[in-house]
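Student: Numbering (the numbering used here), first residue to last: 592 to 878.
This is the structure I have questions about; it appears just below.
Take a look at the structure:
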């Protein structure tokens, strides 16, 4: 059963003005419990507009979003409950930190859900352990932390509400390679620990190949393709035609193939590449 289902979703900006524009047009797809879904597309393809509908930050012009088979807008008064079940981590979430201490900032969401006392402390402590926020930071001002540490705290604040679905809009934007690796590990660990469904917008094809179960490709407000990592990244020419690319390691294997090397080209991660090179080496030994 799909935990989230989008049916014929359209979102129009501009109303009746001359600047009317369908940012998302007639989009339909379903997300299963526990999946990691990557969303890719060039700038302006409708990615961010789409995900802001999934927890009710935007209301569809037409169509609907179902959470556990119920229209999230069936009762508008309950939309805040949806936002605690479908969490959204914005790009550069550290800009939204505001409390005096790290612990207070991470506690803000759970408090609004009614948690208090030992239950609140246990929830926040557990999520801090999971994302790597050290106890010695609890009473610090979040504004005294490094950029990467601030992002951990901001992500922890959403995770502490224990959403069944958590959405990330470019979670590694602006981070150095170590910071990118740390954030992707946090996301992976959270999914393993909680079984939550994860949706990630990213421009990094490498991150998507490594982490996602399925990839949704947006183009001009519509779905170009939605399928497995293999199905999506095998469509090299199609992706290039809409301004996207495949992981760098895939490009390398395509070039090797063009040079006459008898090698697979459906390689999307470094781990896949290492395995394929080992097979190639063994084959040459046995030749």
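Glycine included, each C-beta is placed from N, C-alpha and C at the ideal position.
Please state whether the Cβ-Cβ distance between residue 601 and residue 617 is less than 8 Å.
Tutor: Yes, the Cβ-Cβ distance between residue 601 and residue 617 is below 8 Å.
Student: Would you list, in sequence order, the uninterrupted beta strand (DSSP E) runs of no fewer than 3 residues that lie entirely inside the segment 607-672?
Tutor: Entirely contained in the segment 607-672, the beta strand (DSSP E) runs reaching 3 residues are, in chain order, 612-623, 627-631, 653-658.
Student: Quick check on residue 730: does DSSP put it in helix, strand or coil?
Tutor: Residue 730: coil per DSSP, three-state reduction.
Student: Do the CB positions of residue 647 and residue 673 come within less than 8 Å of each other?
Tutor: Yes, they are a contact pair.
Student: Using three-state DSSP, classify residue 856 as helix, strand or coil.
Tutor: Residue 856: coil per DSSP, three-state reduction.
Student: Considering only their Cβ atoms, is the gap separating residue 780 from residue 748 smaller than 8 Å?
Tutor: Taking 8 Å as the Cβ cut-off, residue 748 and residue 780 do not qualify as a contacting pair.
Student: Run the CB neighbour count on residue 737, radius 10 Å, all protein chains shown included, and call it buried at 16 or more, exposed below.
Tutor: It is exposed - the Cβ of residue 737 has fewer than 16 other Cβ atoms within 10 Å.
Student: Judging by CA-CA distance, which residue of 677, 849, 840 is the nearest neighbour of residue 569?
Tutor: No statement about residue 569 is possible, as the shown extent of the chain runs from 592 to 878 and does not include it.
Student: Using the DSSP secondary-structure output, state which residues sit across from residue 799 in a beta bridge.
Tutor: DSSP output for residue 799 lists no bridge partner at all.
Student: Does DSSP put residue 815 in a helix, a strand or coil?
Tutor: In this structure, residue 815 counts as strand in the three-state DSSP scheme.
Student: Ordered along the chain, which non-local residues of its own chain (more than five positions away) have a Cβ less than 8 Å from that of residue 777?
Tutor: Cβ within range, chain order: 721, 722, 723, 743, 746.
Student: What does the alpha-carbon distance come out to for the pair residue 682 and residue 872?
Tutor: So the two alpha carbons sit approximately 43 Å from each other.
Student: Where does the unbroken beta strand (DSSP E) through residue 603 begin, and where does it stop?
Tutor: Segment 593-604, the beta strand (DSSP E) holding residue 603.
Student: Determine the extent of the beta strand (DSSP E) in which residue 704 is found, giving its start and end residues.
Tutor: Here residue 704 belongs to no beta strand (DSSP E), and DSSP marks it neither H nor E.
Student: Quick one: using the 10 Å Cβ neighbour count with 16 as the cut-off for buried, is residue 823 buried or exposed?
Tutor: Buried.
Student: Where does residue 767 fall in DSSP's three states?
Tutor: Coil, per DSSP.
Student: Our contact map puts residue 711 next to residue 725 with C-beta atoms below 8 Å; I'd like the distance itself, whole angstroms only.
Tutor: In fact, because the Cβ distance is near 19 Å, the residues do not count as touching under 8 Å.
Student: How is the alpha helix (DSSP H) around residue 822 delimited, first residue to last?
Tutor: Its alpha helix (DSSP H) spans residues 820-824.
Student: Considering only their Cβ atoms, is the gap separating residue 636 from residue 810 smaller than 8 Å?
Tutor: For residue 810 and residue 636, yes; Cβs fall inside 8 Å.
Student: DSSP three-state call for residue 689: helix, strand or coil?
Tutor: Coil, per DSSP.
Student: Return the residue from the list 793, 732, 731 that minimises the CA-CA distance to residue 758.
Tutor: Selected option, being the one with the closest Cα: 793.
Student: So for residue 759, helix, strand or coil by DSSP?
Tutor: In the structure shown, residue 759 sits in a strand (DSSP, three-state: E or B).
Student: Looking at the unbroken alpha helix (DSSP H) that takes in residue 840, where does it start and where does it end?
Tutor: Run containing residue 840: 839-849, per the alpha helix (DSSP H) assignment.
Student: For residue 861 and residue 843, what's the separation of their Cα atoms in angstroms?
Tutor: Residue 861 and residue 843: Cα-Cα distance of roughly 11 Å.
Student: Less than 8 Å separating the beta-carbons of residue 595 and residue 808?
Tutor: No, the pair does not count as a contact, with Cβ atoms beyond the cut-off.
Student: Could you say which of 676, 615, 798, 614 lies nearest to residue 624 if we only look at CA atoms?
Tutor: Residue 676 is the option with its Cα nearest to residue 624.
Student: Taking the straight line between their C-alpha atoms, what separation do you get for residue 603 and residue 835?
Tutor: So the two alpha carbons sit approximately 25 Å from each other.
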